[in-house]
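Following my numbering, the numbering of the sequence shown begins with 266 at its first residue and continues without gaps. To keep things clear, I will list the structure first and then write my remarks on it.
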Amino acid sequence: MKEMYLQSDLPEAEKHEQCYRECRDLADVHMAHGNYELAKQRITDALKSAHELSKLKTKKKEEERYKNLLKDLVEMDVDIQIVQVHFERSGQCDLQNSGI
């Protein structure tokens, strides 16, 4: 799991993974007892957590893409100060902590 999310997002990812599992299990219990509305609610909650996990995974992929782009620009001797200002203003990537 750790490699799927940013280090800073791990606590949130763990929370959503646990919520997903618990809601899915509760939905199964409710289904077994004929409580279909409660089962639907738990499935909806599980889907919300799955959606949040997907967003966190995408966030890591995007940040890695930006870091790789900056590394490529540095290797090509491009002045990346302008690029950094753009990324910082757009809020797309935390370049201060990017290791570049």
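A virtual CB, placed ideally from N, CA and C, is assigned to each residue, including glycine. As the structure is a prediction and not an experimental result, all values here were calculated from the model.
Here the stretch 269-289 makes contact with the stretch 323-343; the two share three or more CB pairs at distances below 8 Å.
Cα atoms of Q283 and Q346: separation of roughly 41 Å, rounded to the nearest angstrom. Excluding sequence positions up to five before and after H295, its CB lies within less than 6 Å of the CB of L303 and A304, all in the same chain and listed in chain order. Put simply, the backbone Cα of L275 is about 25 Å away from that of A292.
The three-state reading of DSSP puts L321 in helix, counting H, G and I together. Runs of the alpha helix (DSSP H) spanning 4 or more residues and lying entirely within the stretch 272-317 occur at 275-297, in chain order. Per DSSP, reduced to three states, the secondary structure at D337 is helical.
Judged by beta-carbon spacing, C288 lies within the 9 Å limit of S314, meaning their Cβ atoms are closer than that value. Residue A311 holds the alpha-carbon nearest to the alpha-carbon of H281 among K267, A311, R307 and Y301.
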